[in-house]
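S.K.: Start counting the sequence shown at 162; every next residue gets the next number (our numbering). Cβ atoms here follow ideal geometry from the backbone N, Cα and C, with glycine treated the same way. Before we start, here is the structure in question, set down as structure tokens.
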Amino acid sequence: MEGLASSALATFRTYADLTKPRLLPMVLFTGIPVFGMAAGGWPSLAFLSLAMLGIALAAASANTLNAYLERDLDALMERTRERPLPAGRISPRAALAFGLVLAGASTALLGVTAGRAAAGLGVASILFYVFVYTIWLKPRSPWNAVIGGAAGAAAPLIADAAVNGSVGPAGLALFAIVFFWQPPHVWAIALYRKADYEAASIPMLPSVIGDQPTRWRMLWYTIGLIPVTLAPVALGLLGNVYLAVALGMNVWFVAAAIQLLRQRTDDAARRMFRVSLAYLFSLFLAMNVELIAGF
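Right, here's the structure in full:
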């Protein structure tokens with residue numbers, strides 16, 4: 162019995178790993194504030210939970226199908242070769258079936274609980290991530306992190322459609338924050354994992370235009386993020402608590418980009434990566450705190 166339980170747990174972990182679970186909390190975290198910006202106030206906890214589960218299943222499906230399609234590339238890269246498919250812990254057919262089941266479950270759940278618009282956007286986010294980003298952009302264009310960022314920023318759009326029936330200023334504003342945040346975040350990884358991407362023949366920006374030009378573009382993006390992150394305040398969606406946090410985090414993010422530009426080391430790129438995570442987390446934490454506490 163103990164051996165059976167251990168085997169079942171190992172199988173569960175393998176399937177969970179396919180969904181890239183470390184990425185899912187960010188997806189959920191960026192969608193929650195939209196519910197608090199709804200015209201009628203926060204929806205019921207049951208509705209919010211089911212809608213967020215639908216969004217999580219859509220993201221999990223996209224990640225699983227991405228892992229299925231990139232299994233050969235993942236085997237060539239040090240940071241991904243221990244993932245379930247390249248490590249041989251699961252068959253490609255099983256992974257594909259799991260990804261499709263997740264897509265169907267997400268679409269059904271969002272359709273029943275949140276409406277056609279939310280379900281349609283969920284499907285669109287999966288298709289965009291699989292076909293536009295994974296199949297078309299990533300192996301061909303060094304700008305994959307820019308255009309492909311739309312898939313990673315879809316949660317606020319789906320959440321807005323779920324609670325309001327359509328996408329409005331709240332969803333678009335939060336989508337824009339995640340969309341413009343993603344390139345400097347991904348390029349930081351591309352700098353200190355440059356050899357990994359080159360081994361898999363993925364044309365990331367540092368390998369195509371050089372490290373220093375990439376660092377300059379990261380700086381321009383962090384500066385450009387300032388007005389984007391302040392847009393929710395200008396639109397009247399958020400107030401002084403978020404404003405104070407956004408201003409402070411933007412100063413920190415720009416400073417990290419300047420430091421990266423000057424130091425030109427892998428350690429500085431890793432620090433930029435960590436700062437980017439803290440930056441996004443802090444912005445959305447401030448949103449949630451302000452909306453929940455009613456400041």
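Short of 6 Å in beta carbon distance, which residues of its chain neighbour M198, apart from the five on each side in sequence? Order them along the chain.
M.R.: Cβ neighbours of M198 beyond the five flanking positions: A331 and L398.
S.K.: Find out if the Cβ-Cβ distance for the pair A228, A269 is shorter than 9 Å.
M.R.: no
S.K.: Report the rounded CA-to-CA distance for T383 versus N411, giving the unit in angstroms.
M.R.: Taking the straight line from one Cα to the other gives about 7 Å.
S.K.: Buried or exposed, going by whether 16 or more other CB atoms sit within 10 Å of the CB of T225?
M.R.: buried
S.K.: Would you mind giving the Cβ-Cβ distance between L179 and P245, rounded to the nearest angstrom? I have them listed as a contact below 8 Å.
M.R.: 5 Å
S.K.: Apart from the five residues on each side of it in sequence, which residues of its chain come closer than 7 Å, Cβ to Cβ, to F445?
M.R.: Within the same chain, F445 has close Cβ partners F190, T191 and P194.
S.K.: Using DSSP with H/G/I as helix, E/B as strand and the rest coil, what is A199?
M.R.: coil
S.K.: If I'm right that I287 touches S222 with Cβ under 8 Å, what's the distance once you round it to whole angstroms?
M.R.: 5 Å
S.K.: Among the residues of its own chain, which have a CB less than 6 Å from the CB of K181, if the five just before and after it don't count?
M.R.: N224
S.K.: What would DSSP say about V291, mapped onto helix, strand or coil?
M.R.: Helix at V291.
S.K.: Tell me the residue span of the alpha helix (DSSP H) that contains W377.
M.R.: D372 to A395
S.K.: Can you grab the Cα-Cα spacing for the pair V284 / L237, in whole Å?
M.R.: 30 Å
S.K.: Please classify A260: does DSSP put it in a helix, a strand, or coil?
M.R.: Residue 260 is actually Gly in this sequence, not Ala. In the structure shown, G260 sits in a helix (DSSP, three-state: H, G or I).
S.K.: Looking at the secondary structure, which residues open and close the alpha helix (DSSP H) in which V415 lies?
M.R.: N401 to Q424
S.K.: For S205, name the three-state secondary structure that DSSP assigns.
M.R.: Three-state DSSP puts S205 in coil, outside helix and strand.
S.K.: Closer than 8 Å to a non-hydrogen atom of the ligand MG - does that hold for the CB of G332?
M.R.: Absent from the structure shown: the ligand MG. Ligands present: none.
S.K.: Give me the Cβ distance between V406 and A447, rounded to the nearest whole Å; I'm assuming they're in contact under 8 Å.
M.R.: About 4 Å; that satisfies the 8 Å criterion.
S.K.: Could you work out which residue in E243, D372 and I216 is closest to V324 when comparing CA atoms only?
M.R.: I216
S.K.: Count the other CB atoms, across all protein chains shown, that sit within 10 Å of the CB of V369; report buried if there are 16 or more and exposed otherwise.
M.R.: Under this definition V369 is an exposed residue.
S.K.: Between Y176 and L380, what straight-line distance do the alpha-carbon atoms span, to the nearest angstrom?
M.R.: 38 Å
S.K.: When DSSP labels each residue in this structure, what does V307 get in the three-state scheme?
M.R.: In the three-state DSSP reduction, V307 falls in the helix class (H, G or I).
S.K.: How many angstroms separate the CA atom of N449 from the CA atom of N305?
M.R.: 30 Å
S.K.: Which residue comes first and which comes last in the alpha helix (DSSP H) that contains W342?
M.R.: Element bounds for W342: P330 to Y353.
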